[in-house]
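Enquirer: For the sequence shown, position 89 matches number 526 in the numbering used here, and the numbering has no gaps at all.
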Amino acid sequence: YEGKAKRIFACENPDRVLIEFKNNATAFNAKKRSEIKGKGRLNCKISASLFELLELNGIPTHFIELHSETFMFADKVNVIPLEVVIRNIATGSLCRETPINQGEILNPPLLDLYYKDDQLGDPILTEERLKLLDILTDMQLEEVYKITRSVNKILKEYFESLDLLLVDFKLEFGTNTSGKLVVADEISPDNCRFWDKKISDPKERILDKDRFRQDLGGVLNAYEEILKRIEKDSSNAT
Ligand code: TMP
Ligand code: ASP
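1. In or out: tyrosine 660 buried (at least 16 other Cβ within 10 Å) or exposed?
2. Closer than 6 angstroms to a non-hydrogen atom of the ligand FAD - does that hold for the CB of lysine 635?
3. Count Cβ pairs between the stretch 480 to 487 and the stretch 503 to 519 that sit closer than 8 angstroms; are there 3 or more?
4. Is the beta carbon of aspartate 633 sitting closer than 7 angstroms to the one on arginine 642?
5. Please identify the residue among Asp638, Asn466, Asn480, Ile572 whose C-alpha is closest to the C-alpha of leucine 550.
6. Just mark isoleucine 636 as buried or exposed, buried being the case when its beta carbon has 16 or more other beta carbons within 10 Å.
7. Determine the DSSP secondary structure at asparagine 673, reduced to helix, strand or coil.
8. If we ignore side chains and look at the alpha-carbon of each, how far apart do asparagine 525 and threonine 463 end up?
9. Express the C-alpha separation of valine 620 and methionine 509 in angstroms, rounding to a whole number.
10. Enumerate in chain order the residues of its own chain whose CB-to-CB distance from arginine 666 is below 6 angstroms, with the five nearest sequence positions on each side excluded.
Written as structure tokens, this is what we have:
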């Protein structure tokens with residue numbers, strides 16, 4: 438299977454897949470496209486480190502192990518067509534679609550559900566529409582909420598220690614071949630927003646895909662900075 442930013446290969450072991458992180462960047466439902474050399478490698482490494490951190494904290498994820506610089510082994514999952522966004526600071530679509538001010542702290546964090554369907558433009562869901570779609574059970578939905586809030590707590594504290602604000606991020610979930618619900622997809626500057634805590638300029642502080650979405654330049658440098666801080670942290674720990 439080939440998606441916008443990743444390619445999925447079958448493995449000999451039917452419970453596993455090999456995921457390749459591509460250099461393609463898209464935004465606004467792939468209306469904007471580009472290739473950013475080196476992005477695949479950075480997102481693969483960043484995702485692997487974050488999935489490892491989550492696993493250490495008891496969060497079930499699809500991650501198994503890195504295969505090489507741009508490939509990782511993961512559980513084969515049936516992806517639930519749901520984009521689960523959690524927001525700590527207001528920006529992006531929340532500020533476009535509501536009168537909430539840019540930069541407002543959201544406490545408790547705001548959880549938004551979207552239907553994952555490019556043709557429909559990933560529309561936001563109400564809880565009743567979600568029930569109607571019948572794409573996951575009530576119990577799975579409870580798990581999704583619980584896991585997303587835990588992931589946010591773990592990642593927010595972790596990035597805080599790297600002098601980064603975790604503004605918001607999007608998770609996807611799937612069920613593996615044992616039927617277990619796991620965090621799938623990736624966790625990288627493609628699907629998270631990071632602001633440098635020590636920079637107040639609203640454009641300069643951006644260290645994620647918003648640099649691409651808003652044509653700010655320096656996309657790869659921003660992703661590199663995220664990996665650099667993660668790696669510096671792990672070398673301190675060992
Ligand atoms: P939003 O403010 O545009 O709704 O984005 C919220 C978060 O979700 C942000 O961290 C970027 C991420 N995101 C994706 O991963 N995929 C998408 O298609 C969109 C629109 C947002
Ligand atoms: N990932 C989405 C796309 O490619 C949108 C985004 O991340 O802004 O269209």
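Even for Gly, the Cβ is constructed at its ideal location relative to N, Cα and C.
Expert: Put simply:
1. Answer is buried; the Cβ neighbour count reaches 16.
2. For the structure depicted, the ligand FAD is absent and the ligand set comprises only the ligand TMP and the ligand ASP.
3. Because the criterion of three Cβ pairs below 8 angstroms is met, the stretch 480 to 487 and the stretch 503 to 519 touch.
4. Yes; because the gap between Cβ atoms is below 7 angstroms, this pair is in contact.
5. Nearest option by C-alpha distance: Ile572.
6. By the neighbour-count rule (16 or more Cβ atoms within 10 Å), isoleucine 636 is not buried but exposed.
7. When DSSP states are grouped into helix, strand and coil, asparagine 673 belongs to the helix group.
8. The straight-line gap separating the alpha-carbon atoms of asparagine 525 and threonine 463 is approximately 24 angstroms.
9. Cα-Cα distance, rounded: 15 angstroms.
10. Leu599.
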